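Going by the numbering used here, the letters in the sequence shown line up with residues 1 to 300, in that order. Note that beta-carbon positions come from the ideal geometry of N, C-alpha and C, so glycine has one too. Remember, predicted model here, so these are calculated numbers, not experimental data. Input: a single structure, listed below in structure tokens.
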Amino acid sequence: MGESGTDRRGGRLSRKTWYRNLPKVSVQVECSNAVHRISWRAGKLVLHDHDVEAERALVALGSDPCYCIGLFEAWQQGQNSPFEALEILLSEDLDWSLEFQPRLAKLRSALQAGGGPLVAQLYQKELTHHVLFSAPFELRKMFGLSTVVAAAKSWDEDAHFRAEWGPVFEGVLARRAIAALQENVEGWNPRLAPHAITTLECWAVRSTETPTIAGSIATNGGFALLNLPLTWLVDVWAAGIAVVDDCFVLDLVDVDRDQSSMNVIAARWERNLGRSVPVTSPACVTRSSGGGFHLSWGDW
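So this is what it looks like as structure tokens:
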């Protein structure tokens, strides 16, 4: 337990408390000709307008689920599957739910025509994805983050898992980390020439490894390379602190009890022999009264 009370494992937030630094979510959805409220808190989905167990029992007896119960069921069933859907879950500007309608209709017709177990399995998988993708982004995002947390242990321990799912997870990680790194590089290197070519890369490492940044930037370009654990998506990106005051946050080390202050490892760029190189140091990120963040350098 850190001094401020956040449970840690190997320098990062424990999987048991991964959600602690994330905002609670509460949304309204249309369900059964009414407006219902769904919340996400402490890592769990909460339906405020339903007796979940009673309605799930009715569904088990053959009743059609309403939207909220359908989403709850999809949330539970999807915990073990949608790695390939992670990009959609974590992207606010992607909503592919409409693309699933014709596929669902085709599978439903095949199922009604006597399709076997494989058709039933495919239909259930498509239905799960459709319901999840149609959920408000705030909920989709939290489901995606829970998927990252669930996969982190396998990523750390299973070489076969990394070989099979590496392109998916590294792609999701890189798209978000590199966008933040671009902001960081440009913030510290305002004299980059218009024709400058800068190569930015990000690779996923095990959560037991230290996050690192390397690079060299001149006015005509250069390179920057990140090595980050998958949990960076949860601890840093989802918390909204990937870039604070133009500094790239590599790791979240500790959080105080009221979540107003966070100890981090961050990177800035310093001039060295005519080029800029990244320098990492301990820093503290604090929440401002306006809801933003501010970073100050120094040991904790």
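**Request:** Tell whether a beta-carbon distance below 8 Å holds between Ala266 and Pro278.
**Result:** Here residue 266 corresponds to residue number 266 of the sequence shown, with the count starting at 1. Here residue 278 corresponds to residue number 278 of the sequence shown, with the count starting at 1. Not in contact: Ala266 and Pro278 (Cβ atoms no closer than 8 Å).
Inset, instruction - Just confirm the distance between the C-beta atoms of Leu252 and Ala177, as a whole number of angstroms; I'd bet it's less than 8 Å. - result: If you number the sequence shown from 1, residue 252 lands on position 252. If you number the sequence shown from 1, residue 177 lands on position 177. With a contact defined as Cβ atoms closer than 8 Å, Leu252 and Ala177 miss out at about 14 Å.
Query - Rounded straight-line distance, which links the Cα of Leu58 to that of Arg175 - result: Counted from its first residue, the sequence shown places residue 175 at position 175. Counted from its first residue, the sequence shown places residue 58 at position 58. CA-CA distance, Arg175 to Leu58, rounds to 42 Å.
Between Ala135 and chain D, is there a C-beta pair that is closer than 8 Å?
-> The chain inventory of the structure shown lacks chain D, comprising one protein chain alone.
Item to check | Residue range of the beta strand (DSSP E) that includes Val25 | outcome: As a first step, residue 25 is located in the sequence shown; it is residue number 25 there, counting from the start. Residues 25-31.
Report buried or exposed for Trp237, applying the criterion of at least 16 other Cβ atoms within 10 angstroms of its Cβ.
-> The residue labelled residue 237 in the question sits at position 237 within the sequence shown. Looking at its Cβ environment, which holds 16 or more other Cβ atoms inside 10 Å, Trp237 is buried.
Which value, in whole angstroms, describes the spacing of the CA atoms of Ile69 and His129? Position 69 of the sequence shown holds residue 69. Position 129 of the sequence shown holds residue 129. Rounded to the nearest angstrom, the two C-alpha atoms are 14 Å apart.
ask   = Under the three-state reduction of DSSP, which class applies to Trp232: helix, strand or coil?
value = For the purposes of this step, residue 232 is identified with residue 232 of the sequence shown, where counting begins at 1. Trp232 falls in the helix class under three-state DSSP.
On the DSSP bridge assignment, give the partners of Ser216 in chain order.
For the purposes of this step, residue 216 is identified with residue 216 of the sequence shown, where counting begins at 1. Per DSSP, Phe223.
Cβ atoms of Leu89 and Ala152: under 8 Å apart, would you say? For the purposes of this step, residue 152 is identified with residue 152 of the sequence shown, where counting begins at 1. For the purposes of this step, residue 89 is identified with residue 89 of the sequence shown, where counting begins at 1. Not closer than 8 Å, so no.
Indicate whether Thr280 and Ser261 have their beta-carbon atoms separated by less than 8 Å. In the sequence shown, residue 280 corresponds to position 280, counting from 1. In the sequence shown, residue 261 corresponds to position 261, counting from 1. For Thr280 and Ser261, no; Cβs fall outside 8 Å.
task: Run the CB neighbour count on Gly297, radius 10 Å, all protein chains shown included, and call it buried at 16 or more, exposed below.
output: Counting from one through the sequence shown, the residue named residue 297 turns up at place 297. One point to set straight first is that residue 297 is Trp, not Gly, in the sequence displayed. Of the other Cβ atoms in all chains shown, fewer than 16 fall within 10 Å of the Cβ of Trp297; this residue is therefore exposed.
Query - For Arg8, three-class secondary structure by DSSP - result: Start at 1 with the first residue of the sequence shown, and residue 8 comes out as number 8. Caution applies to Arg8, whose pLDDT of 42 falls short of 50 and renders its modelled position unreliable; the model cannot decide the point.
From Phe72 to Ala283, what distance separates their C-alpha atoms?
Taking the sequence shown and counting its residues from 1, one reaches residue 72 at position 72. Taking the sequence shown and counting its residues from 1, one reaches residue 283 at position 283. Phe72 and Ala283: Cα-Cα distance of roughly 40 Å.
For Cys68, which of helix, strand or coil comes out of DSSP? Here residue 68 refers to the residue found at position 68 of the sequence shown. Reduced to three states, the DSSP call for Cys68 is helix.
C-beta contact flag for Asp246 and Asn184 at 8 Å:
Within the sequence shown, residue 246 is the residue found at index 246, counting from 1. Within the sequence shown, residue 184 is the residue found at index 184, counting from 1. Inclusion of Asp246 and Asn184 in the CB contact set at 8 Å is warranted, their separation being smaller than that value.
- Where the alpha helix (DSSP H) containing Ala57 begins and where it ends: Here residue 57 is taken as the residue at index 57 of the sequence shown, counted from 1. 52-60 is the span of the alpha helix (DSSP H), which, as asked, contains Ala57.
- Would the beta-carbon of Cys202 fall within 8 Å of that of Leu173? As a working note, residue 202 is residue 202 in the sequence shown. As a working note, residue 173 is residue 173 in the sequence shown. The answer is yes: Cβ separation under 8 Å.
query = Name the DSSP bridge partner or partners of Phe293?
reply = Looking up residue 293 in the sequence shown gives position 293. For Phe293, which the question treats as bridged, DSSP gives the partners Arg287.
### Query
In chain order, what residues of the same chain have a beta carbon less than 6 Å from the beta carbon of Ser32, not counting five sequence neighbours either side?
Position 32 of the sequence shown, counted from the start, is the residue given in the question as residue 32. The residues are Cys66.
In this structure, does DSSP put His129 in helix, strand or coil? Numbered from 1 along the sequence shown, position 129 holds the residue referred to as residue 129. In the structure shown, His129 sits in a helix (DSSP, three-state: H, G or I).
*Exposed or buried, Arg140, counting other C-beta atoms within 10 Å across all chains shown (16 or more means buried)?*
For the purposes of this step, residue 140 is taken as residue 140 along the sequence shown, with counting starting at 1. So Arg140 ends up on the buried side.
(message) Can you list, in chain order, the residues of its chain with a C-beta nearer than 8 Å to that of Val149? Leave out the 5 residues immediately preceding and following it.
(response) The residue you call residue 149 lines up with position 149 of the sequence shown. Result list for Val149: Arg15, Trp18, Thr231, Val234, in chain order.
Please name the residue in Leu118, Val25, Ala120, Glu270 whose C-alpha comes closest to that of Ala214.
Counting from 1 along the sequence shown, the entry for residue 214 is found at position 214. If we check each option's Cα against that of Ala214, Glu270 comes out closest.
Worksheet item: In chain order, what residues of the same chain lie with their CB nearer than 6 Å to the CB of Gly144, ignoring the 5 residues before and after it?
Response: Taking the sequence shown and counting its residues from 1, the one referred to as residue 144 is at position 144. Within the same chain, Gly144 has close Cβ partners Leu86, Leu89, Leu90.
Is DSSP giving His36 helix, strand or coil here?
Taking the first residue of the sequence shown as 1, we reach residue 36 at position 36. DSSP places His36 in strand when its eight states are reduced to three.
Review point. Can you name, in chain order, every residue of its own chain whose Cβ lies under 8 Å from the Cβ of Glu92, other than the five neighbours on each side?
Key: Start at 1 with the first residue of the sequence shown, and residue 92 comes out as number 92. Only Phe137, Lys141 meet the Cβ criterion.
- Message: Please list the terminal residues of the continuous alpha helix (DSSP H) segment that includes Ala177.
- Response: By one-based count along the sequence shown, residue 177 stands at place 177. For Ala177, the enclosing alpha helix (DSSP H) starts and ends at 159-188.
May I have the straight-line CA-CA distance separating Trp155 from Leu228, to the nearest angstrom? Sequence index remark: in the sequence shown, residue 155 carries index 155 (1-based). Sequence index remark: in the sequence shown, residue 228 carries index 228 (1-based). Approximately 13 Å, taken between the alpha carbons.
In the structure shown, what three-state DSSP assignment does Pro194 receive? Mapped onto the sequence shown, residue 194 falls at position 194. Residue state, collapsed to three classes: coil.
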